[in-house]
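Note sheet for the following structure.
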Amino acid sequence: MPLPTLIHVDSPTQQSLAGRFAVYGWVASEAPLLAARIVAPGGPIPLAWEPRPDVRSVHSAYAHSSGFRGAAGPGDLRDGVLVIECETAAGGVRTEKVLPPLAVPADKAARLERIRPHLRADLPFRETPFHFDFLTDEVRRNFNVVDTDAVSGFEYAPDVRAEIDRVGDELVLDCGAGNRPSTLPNVVNLEIVPYASTDVVSVAERLPFRDNTFAVVVSCAVLEHLKDPFAAAREIIRVTRPGGLIYADVPFLQPFHGYPSHYYNMTMEGLKNLFAAECSIERAFVPRYGSPVWTLTWFLNSYAAGLPEETRRRFLDMRVSDLMAPAAAYLDEPWVSQLAEARQVELACANSVVARKR
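Per this note's numbering, residue 4 is the first one in the sequence shown, and the count goes up by one each step.
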C-alpha cells in the first residue's frame with residue numbers, strides 16, 4: 004500500500020554560500036493538496052505550486068500531485084535541517100532534510116590559483132576559499148544586478164562537452180554556468196550568484212579576465228537574461244584567444260522564464276549577428292535540446308496550467324486538429340479568454356509597450 008502522502012525535496016542538497024537559495028521538490032498524495040510551506044524558526048514560508056507532469060507520470064497511483072517552489076535563507080533552517088510541511092484535505096505531513104555544510108572541493112583551490120594570473124588588475128574583488136567575487140556594490144548598481152532565488156543546475160549537453168574536451172587542459176570559461184552538478188579542473192565557472200560550483204562571481208558584461216585568456220568560452224541559455232547581450236558578446240570575444248572557440252545558445256521560441264529577468268529571445272540570424280563582426284561562424288544549428296518539440300510541450304503544459312480546472316479539462320480533451328484553425332477563430336473561446344494573466348505574459352505571441360518621453 005502506498006503512503007497517503009509523499010514529499011520529496013529536490014533542492015537544496017547542502018547548505019548554501021548564497022544569501023538565499025531556491026527550494027523546490029514535489030508532493031504526491033491520496034488527498035487533495037491545499038498548501039505547502041517551509042517550517043522556519045521565524046514562522047512559516049509559503050511555497051508556490053508548479054506543474055510536475057513527471058511526478059504525475061511516475062506516481063500515477065496517487066490521485067493528486069504537484070511540484071512546489073520557493074526560497075529560503077540560512078536562518079530558515081533548524082540546526083542545518085530544512086523542514087517542509089504539506090497540508091492536504093486529510094491533514095498535514097512534514098518531511099525533514101538534513102543539509103550538510105558546504106565543504107571546499109578538493110580541486111577548488113588549485114583551480115582558483117590557476118585562474119589568478121588571468122584576472123584583470125584594474126577591477127577590485129573579494130577573495131574567499133570558494134571564489135573570486137567581483138560583484139561590488141557599484142557593479143550591482145551599474146548593471147542592475149538583483150538577488151534571485153532561481154537556479155539552473157545541469158550537466159553539459161554532449162555537443163558542448165565535446166568542445167570542452169577537444170582542447171584538453173587549456174582554460175575554458177563557462178559564462179553563466181549556473182550551479183553545475185560537477186566541475187572540471189580547467190573550466191572556470193562564472194556566475195552572478197556564488198553557487199557551490201562558482202569560481203568567479205561577476206557580470207558577463209564586464210568580464211574580469213585578461214584579453215585572450217580562454218581556448219573555449221561557453222555561454223548556454225544566458226544572453227537572453229542580460230540587458231545588454233551585445234556588451235556581453237564583445238566581452239566573450241575579448242577573453243577568447245585567437246583561434247579559440249565560442250559556443251553560445253539562446254532561446255528563440257521559448258516562453259518567458261526569468262532568472263530573474265528575461266529580456267531577449269533570438270532568431271538564428273540574431274545570434275550569429277552577436278559574433279559575426281569578429282568571428283568566423285563555423286556553423287549555426289538547432290541543438291537536440293532546442294528541438295521545436297520542447298517549445299510545443301512547454302507551451303501546452305504552461306497553457307493548461309493557467310486555466311481554471313473545468314476549462315483545463317476541456318482544453319486537454321481537444322485534439323491537435325482542433326487547434327489548427329486561424330487564431331482569430333478562437334479568441335472568444337473560454338480556453339482563450341480565461342487564461343491567467345501571468346500565463347498571458349509567459350506565452351505571449353507579441354508584446355506591446357506605450358512610453359512617454361520624460
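We treat Cβ as the ideally placed atom computed from N, Cα and C, and that holds for glycine.
Since the model is a prediction, treat every value here as computed from it, not as a measurement.
Beta-carbon contacts of residue i that lie in its chain and below 6 Å, excluding the five residues immediately before and after
{"i": "Ile284", "result": "Lys275"}
{"i": "Gly374", "result": "Because the chain is modelled from 4 through 361, residue 374 falls outside the range shown and cannot be assessed."}
{"i": "Arg315", "result": "Ala307"}
{"i": "Ala160", "result": "Tyr292"}
{"i": "Thr186", "result": "Ser200"}
{"i": "Val339", "result": "Tyr333"}
{"i": "Ala109", "result": "none"}
Chain-order list of residues whose beta-carbon lies under 8 Å from that of residue i (same chain, five-residue window excluded)
{"i": "Asp172", "result": "Pro188, Asn189"}
{"i": "Met4", "result": "Only weak support exists for where Met4 lies, its pLDDT of 47 falling under 50; the coordinates are left without a value."}
{"i": "Pro47", "result": "Arg40, Ile41, Glu88"}
{"i": "Ser155", "result": "Gly181, Asn182, Ala224, Tyr262"}
{"i": "His121", "result": "Leu174, Phe212, Arg213, Thr216"}
{"i": "Arg23", "result": "Ala74, Ala75, Gly76, Asp150, Asp152"}
Exposed unless 16 or more other CB atoms sit within 10 angstroms - verdict on residue i
{"i": "Glu116", "result": "exposed"}
{"i": "Ser32", "result": "buried"}
{"i": "Gly83", "result": "exposed"}
{"i": "Ala351", "result": "exposed"}
{"i": "Leu334", "result": "exposed"}
{"i": "Leu37", "result": "exposed"}
{"i": "Tyr266", "result": "exposed"}
{"i": "Val323", "result": "exposed"}
{"i": "Ser19", "result": "buried"}
{"i": "Ala280", "result": "exposed"}
{"i": "Ala236", "result": "buried"}
{"i": "Val107", "result": "exposed"}
{"i": "Leu138", "result": "buried"}
{"i": "Val356", "result": "exposed"}
Check whether residue i and residue j have beta carbons under 8 Å apart
{"i": "Asp136", "j": "Pro44", "result": "no"}
{"i": "Leu248", "j": "Glu166", "result": "yes"}
{"i": "Val170", "j": "Asp214", "result": "no"}
{"i": "Val191", "j": "Val175", "result": "yes"}
{"i": "Ile195", "j": "Val220", "result": "no"}
{"i": "Gly76", "j": "Leu50", "result": "no"}
{"i": "Ala92", "j": "Ala34", "result": "yes"}
{"i": "Leu85", "j": "Val26", "result": "yes"}
{"i": "Leu299", "j": "Pro232", "result": "no"}
{"i": "Val204", "j": "His134", "result": "yes"}
{"i": "Val148", "j": "Thr8", "result": "no"}
Beta-carbon proximity list for residue i, same chain, < 7 Å, skipping 5 on both sides
{"i": "Asn304", "result": "Pro54, Pro56"}
{"i": "Pro337", "result": "Thr314"}
{"i": "Pro258", "result": "Trp301, Phe302, Ser305, Glu349, Leu350"}
{"i": "Leu80", "result": "Leu102"}
{"i": "Thr270", "result": "Phe255"}
{"i": "Pro290", "result": "Ala160, Asp162, Asp252"}
Cβ distance (whole Å) where residue i is taken to contact residue j below 8 Å
{"i": "Leu193", "j": "Asp168", "result": "That pair is no contact at about 20 Å."}
Touch check for the region 127 to 135 and the region 65 to 74: three-plus C-beta pairs under 8 Å?
-> no
Say whether the region 9 to 20 touches the region 91 to 107, bearing in mind that this needs 3 or more beta-carbon pairs closer than 8 Å, one atom from each stretch.
-> yes
Would you check if the region 245 to 254 and the region 203 to 210 touch, i.e. whether three or more CB-CB distances between them fall below 8 Å?
-> Judged by Cβ distances under 8 Å, the region 203 to 210 makes no contact with the region 245 to 254, as fewer than three pairs qualify.
Three CB pairs or more closer than 8 Å across the region 253 to 273 and the region 218 to 233 = yes
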